[in-house]
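Numbering (this note's numbering), first residue to last: 26 to 242. Cβ coordinates follow ideal geometry from the N, Cα and C atoms, glycine included.
Quick look at the structure:
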């Protein structure tokens, strides 16, 4: 699909048709999209939990109780729901793991090139850990790069989606033992196909004009 056609088609789905399911082939594509997202220095500080079963979606929906109840049905009626998680810390062991993985994928001609890239990435990470003291914020920025890339890509597959921050993420952290794994939940994306009852599916897009947001230099 043409990228502009996909972006114009994309919107935040409010009501899913629970009878319509994403194919196994498209779920495999979704996994590849998550895997292929860019990140600063290729640090990839993320983890994804894909809920396909009703049981798994019900566990995610626990985070929608109370004030966030407006998001419950979006999770329960979706074909799949994905928890986007960020790394709590980036330690030397993880950085070494990235370098070894890149070397095994033949991104470097020699070990010298590998070490230079490793040192550069380590420098960036340590700046955010020790100088700027904003590692958590920087990591979340990388996760949201993935999120934007993901939403555009699934729209090209003609799959409907809704990203949700309106959930109690601490519930998800506990429900899926994320802290023990070194992660924390940031956002949930539910996917599937919209229902005919979804009022938002036929509303026109509203964006500020290009002239207001773009300045040509």
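- What is the C-beta distance between residue 102 and residue 152, in whole angstroms, given that I count them as a contact (C-beta under 8 angstroms)? Taking the chain shown and counting its residues from 1, the one referred to as residue 102 is at position 77. Taking the chain shown and counting its residues from 1, the one referred to as residue 152 is at position 127. Between residue 102 and residue 152 a beta carbon distance of about 44 angstroms is seen, past the 8 angstroms cut, so the two are scored as non-contacting.
- Quick one: what's residue 210 bridged to in DSSP? Taking the first residue of the chain shown as 1, we reach residue 210 at position 185. Its beta-bridge partners are 110.
- What number of angstroms, rounded off, separates the C-alpha of residue 35 from the C-alpha of residue 186? Looking up residue 35 in the chain shown gives position 10. Looking up residue 186 in the chain shown gives position 161. Residue 35 and residue 186: Cα-Cα distance of roughly 8 angstroms.
- What's the call for residue 109, buried or exposed, on a 16-neighbour Cβ count within 10 Å? Taking the chain shown and counting its residues from 1, the one referred to as residue 109 is at position 84. So residue 109 ends up on the buried side.
- Message: Given a cut-off of 8 angstroms on the beta-carbon distance, is the pair residue 172 and residue 188 in contact?
- Response: Counting from one through the chain shown, the residue named residue 172 turns up at place 147. Counting from one through the chain shown, the residue named residue 188 turns up at place 163. Cβ atoms of residue 172 and residue 188: closer than 8 angstroms.
- Is residue 76 closer than 8 angstroms to residue 82 when the C-beta atoms are compared? Within the chain shown, the letter at position 57 stands for residue 82. Within the chain shown, the letter at position 51 stands for residue 76. Result yes, Cβ atoms of residue 82 and residue 76 sit closer than 8 angstroms.
- Query: Taking contact to mean at least 3 C-beta pairs separated by less than 8 angstroms, is the stretch 221-240 in contact with the stretch 111-125?
  - Reply: Short answer: they don't touch.
- Query: Beta carbon of residue 70, beta carbon of residue 212: below 8 angstroms?
  - Reply: Locating residue 70 in the chain shown gives position 45, counting from the first residue. Locating residue 212 in the chain shown gives position 187, counting from the first residue. Contact: no.
- Look at residue 216 and residue 47 and say whether their C-beta atoms are less than 8 angstroms apart. In the chain shown, the residue the question calls residue 216 occupies position 191. In the chain shown, the residue the question calls residue 47 occupies position 22. Going by C-beta atoms, residue 216 is nearer than 8 angstroms to residue 47.
- DSSP-derived helix/strand/coil call for residue 78: Counted from its first residue, the chain shown places residue 78 at position 53. Residue 78: coil per DSSP, three-state reduction.
- Query: Cβ of residue 120 within 8 angstroms of Cβ of residue 150?
  - Reply: Numbered from 1 along the chain shown, position 95 holds the residue referred to as residue 120. Numbered from 1 along the chain shown, position 125 holds the residue referred to as residue 150. The answer is yes: Cβ separation under 8 angstroms.
- Whose C-alpha, out of 218, 219, 220, 192, is nearest the C-alpha of residue 210? Numbered from its first residue, the chain shown carries residue 210 at position 185. The residue with the shortest Cα to Cα distance from residue 210 is 192.
- Item | Under the three-state DSSP convention, the category residue 59 falls into | Translated into the one-based positions of the chain shown, residue 59 becomes position 34. Residue 59 falls in the helix class under three-state DSSP.
- Task: Please work out which residues of its chain come closer than 6 angstroms, Cβ to Cβ, to residue 214, disregarding the five sequence neighbours upstream and downstream, and give them in chain order.
- Result: By one-based count along the chain shown, residue 214 stands at place 189. Result list for residue 214: 107, 186, 188, in chain order.
- Query: Going along the chain, which residues of its own chain have a beta-carbon closer than 6 angstroms to the beta-carbon of residue 237, five neighbours each way excluded?
  - Reply: Taking the chain shown and counting its residues from 1, one reaches residue 237 at position 212. Correct list: empty, nothing qualifies.
- So, is residue 95 buried or exposed, given that buried needs 16 or more other C-beta atoms within 10 angstroms? In the chain shown, residue 95 corresponds to position 70, counting from 1. Its Cβ having fewer than 16 others within 10 Å, residue 95 is exposed.
- Taking DSSP as the reference, what is the three-state secondary structure of residue 189? Here residue 189 corresponds to residue number 164 of the chain shown, with the count starting at 1. Residue 189: strand per DSSP, three-state reduction.
- Message: Here's a check: name, in chain order, each residue in its chain whose Cβ is nearer than 6 angstroms to the Cβ of residue 93, leaving out the five neighbours to either side.
- Response: Translated into positions along the chain shown, residue 93 becomes position 68. Result list for residue 93: 191, 192, in chain order.
- From 53, 241, 229, pick the residue whose C-alpha is nearest to that of residue 37; which is it? As a working note, residue 37 is residue 12 in the chain shown. Taking only the C-alpha atoms, the option nearest residue 37 is 229.
- Determine whether the Cβ of residue 141 lies closer than 8 angstroms to any Cβ atom of chain B. This model lacks chain B altogether, as it is built from one protein chain only.
- Query: For residue 79, which option in 99, 221, 68, 122 has the closest C-alpha, if you only look at C-alpha atoms?
  - Reply: Numbered from its first residue, the chain shown carries residue 79 at position 54. Out of 99, 221, 68, 122, 99 has the C-alpha closest to the C-alpha of residue 79.
- Opposing strand residues paired with residue 73 [DSSP bridges]: Numbered from its first residue, the chain shown carries residue 73 at position 48. Residue pairing by DSSP puts residue 73 in a beta bridge opposite 109.
- Task: Can you grab the Cα-Cα spacing for the pair residue 53 / residue 144, in whole Å?
- Result: Stepping through the chain shown from its first residue, residue 53 is reached at position 28. Stepping through the chain shown from its first residue, residue 144 is reached at position 119. Distance between the alpha carbons of residue 53 and residue 144 is about 34 angstroms.
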